[in-house]
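A short write-up of the structure that comes next.
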Amino acid sequence: MIHLFEPAKQPDAPIFLLLHGTGGTEQDLIGLVSLLHPEAGYLSVRGEVTENGMPRFFKRLAEGVFDEADLALRTERLITFLEEMSETHGFAVDQLIPVGYSNGANIAANMMFEKRLFEQAILLHPMVPRRGLTLPDSSQVRVFIGAGTNDPICPASETEELSQLFEQAGADVDVTWSHHGHQLVMPTIEAAAQWLAVKK
8 MIHLFEPAKQ PDAPIFLLLH GTGGTEQDLI GLVSLLHPEA GYLSVRGEVT
58 ENGMPRFFKR LAEGVFDEAD LALRTERLIT FLEEMSETHG FAVDQLIPVG
108 YSNGANIAAN MMFEKRLFEQ AILLHPMVPR RGLTLPDSSQ VRVFIGAGTN
158 DPICPASETE ELSQLFEQAG ADVDVTWSHH GHQLVMPTIE AAAQWLAVKK
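Per the working numbering, the very first residue in the sequence shown carries number 8; after that it's consecutive.
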């Protein structure tokens with residue numbers, strides 16, 4: 008997979024798994040790293056699927072309608088890639104903190120639906136990736152969800168349902184709302200940084 012890797016500046020600092028939105032690249036979210044944690048490293052991955060020339064992490068059948076077979080395949084490939092990178096660069100997969108935006112947040116959430124890989128995750132404008140599943144035990148897993156009250160792609164009901172699913176699996180979920188649409192805004196990033204700084 009096309010990716011960029013930068014190790015953490017301190018041994019106890021996190022490594023962010025950066026997962027861009029539709030049409031993005033592995034460069035898109037790097038600017039968030041220093042805002043979230045000044046000592047953090049990152050593994051930034053480009054989605055392998057293209058839709059009208061725009062990179063994505065998995066196929067969709069229509070706006071908001073995911074190709075679940077492809078989602079399952081791409082999720083498995085991404086998990087395998089993370090395991091390979093952990094061996095190559097000498098970090099544990101559970102040291103990674105996904106920072107996913109839109110399509111990237113959706114595949115991050117789906118990885119968390121599959122197995123307990125991460126102890127913390129920052130999901131920005133995610134949707135419910137799949138329904139009808141029993142999630143793995145997520146006790147003591149922390150999840151930050153950034154959402155927009157005027158988001159035309161991810162309605163509030165999606166955010167609330169995803170939050171409830173994680174909570175039912177035992178996760179500690181913090182939802183921060185902005186009065187914006189689907190775009191990333193600084194108040195949400197600042198809230199995520201504050202959330203990350205609080206150790207529970």
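Beta carbons are placed, not taken as given, at the ideal position from N, Cα and C, and that holds for glycine.
None of these values were measured; they are calculated from a predicted model.
Where does Met119 fall in DSSP's three states? Met119 falls in the helix class under three-state DSSP.
Quick check for students: name the residue ranges of the beta strand (DSSP E) that lie wholly in the stretch 71-124, counting only runs of 3 or more. Taking only runs of at least 3 residues, the beta strand (DSSP E) segments lying wholly in the stretch 71-124 are 103-108.
Do Leu43 and Val106 have their C-beta atoms closer together than 8 Å? Against a cut-off of 8 Å, the Cβ pair of Val106 and Leu43 comes out as a contact.
What is the DSSP secondary structure of Glu58, counted as helix, strand or coil? Correct three-state label for Glu58: strand.
Judging by CA-CA distance, which residue of Asn117, Glu126 and Ala128 is the nearest neighbour of Leu140? When only C-alpha atoms are compared, the closest one is Asn117.
Determine the closest residue to Glu46 out of Pro21, Thr57 and Leu36, with distance taken between C-alpha atoms. Here the closest residue by C-alpha is Pro21.
Contact under 8 Å by Cβ, Thr29 with Met61: Yes.
Just the Cα atoms here: how many angstroms apart are Gly54 and Gln171? In this structure, the straight-line span from the alpha carbon of Gly54 to that of Gln171 is close to 27 Å.
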